[in-house]
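Below is one structure, written out as structure tokens; the observations come after it.
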Amino acid sequence: MRRKSGFTLGKLFKAFLLFIYLIMAVVPLYWIIITSLKEPTEVYTWPIRYWPTHISFSGYSFLFKFANFAQFFRNSLFTSITASSFAMVFSTLSGYILARYKFKYKKTLIVLLFFAQMIPTYLLMIPQYKMFSDIGLIDNLWALVIIYVNVSVSFSTIMARGFFSRIPKNLEEAAMIDGTSRIGAIFKITIPLSLPGIAAIFSFSFVNTWNELFTAALFINSSEKMTIPVALNSFVSKAGIQWNVMGAGLVVALLPTIV
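Here our numbering is used: position 34 in the sequence shown is 24, and no number is missing along the way.
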């Protein structure tokens, strides 16, 4: 006998929760966009206007003409892409080794990788600052790259080990029997099958790096080397906040993570 379909109390509750989540996700994004399109005076008008009376791109114009936002965008792209690429390569190699090879203290190493994620990054800031200061890497984007790679690798390695473990060894062994080398089997069989996982590692590292503020604010002193989060934070001053400029900056900052 076919079960009757229809809305139950549980389905209605799930739909309600999904609707609430959607509102919480979409409304702030919508508000940022319309704020970026308002004139500075219209931002403070009452009652609140849910759409600009006159669409204005003055916030975006200020960003790229006077705030040097294009340079901040390039700095963020450099640090995020470089750090994510290194983290992806290192974690892919180390994850494959942990998934395929047996060696002494392997379990201990895996446990240490889990514990490494529990260490607050703020505890490491003082020794890292001292170390980078001694080697002359303060106010250098490469210092951010090194720190971001260090932060991402432990979690990314565990991710890589997980999806490499799910790929049968028999596929590599069959390719090697056919005359392919071990390296060839890895690049022809294992890597293509694990591309979605590798892409997830890159995306995870990229988003975390792109949005990071504390480390960039601590290690970067000059305005020409600021990343986008630091630049947006600098828009907040004692004189107040230019909300249309802040909104425009947030919209531009969101674009790479959405893509």
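All C-beta atoms in this analysis are idealised placements derived from N, C-alpha and C, irrespective of residue type, glycine included.
Cβ neighbours of residue 29 within its own chain (closer than 6 Å, five residues either side excluded): 46.
Rounded to whole angstroms, the separation of the alpha carbons of residue 205 and residue 116 is 11 Å. With contacts defined as CB atoms closer than 8 Å, residue 25 and residue 233 qualify as a contacting pair. If only complete runs of 3 or more residues are kept, the segment 128 to 216 shows no beta strand (DSSP E) anywhere.
According to the DSSP assignment, residue 78 belongs to the alpha helix (DSSP H) that extends over 59 to 90. Annotated as proximal: residue 73 and residue 139, with beta-carbon spacing under 8 Å. DSSP, reduced to helix, strand and coil, places residue 95 outside both helices and strands of the structure shown, so it counts as coil. Taking the C-beta atoms as reference points, residue 52 is found no nearer than 8 Å to residue 221. Secondary structure of residue 126 (DSSP, three-state): coil. By the CB criterion at 8 Å, residue 235 and residue 0 fall outside the cutoff.
With contacts defined as CB atoms closer than 8 Å, residue 157 and residue 184 qualify as a contacting pair. In the structure shown, residue 224 adopts helical secondary structure according to DSSP, grouped into three states. DSSP, reduced to helix, strand and coil, places residue 47 outside both helices and strands of the structure shown, so it counts as coil.
In this structure residue 131 touches residue 65 by the C-beta definition: roughly 6 Å separates them, less than 8 Å.
Between residue 148 and residue 78, the gap from beta carbon to beta carbon reaches 8 Å or more. According to the DSSP assignment, residue 38 belongs to no alpha helix (DSSP H), since it is labelled neither H nor E.
It is roughly 10 Å from the alpha-carbon of residue 102 to the alpha-carbon of residue 108. Classified as buried, residue 175 has 16 or more neighbouring CB atoms from the shown chains inside 10 Å of its CB. Secondary structure at residue -2: coil, using DSSP grouped into helix, strand and coil.
In chain order, 115, 119 place their CB closer than 8 Å to the CB of residue 208, counting only its own chain and leaving out the 5 sequence neighbours on each side. Membership of residue 246 in the alpha helix (DSSP H) is indicated by the continuous run 233 to 248. For residue 10 and residue 83, the gap between their C-alpha atoms comes out near 41 Å.
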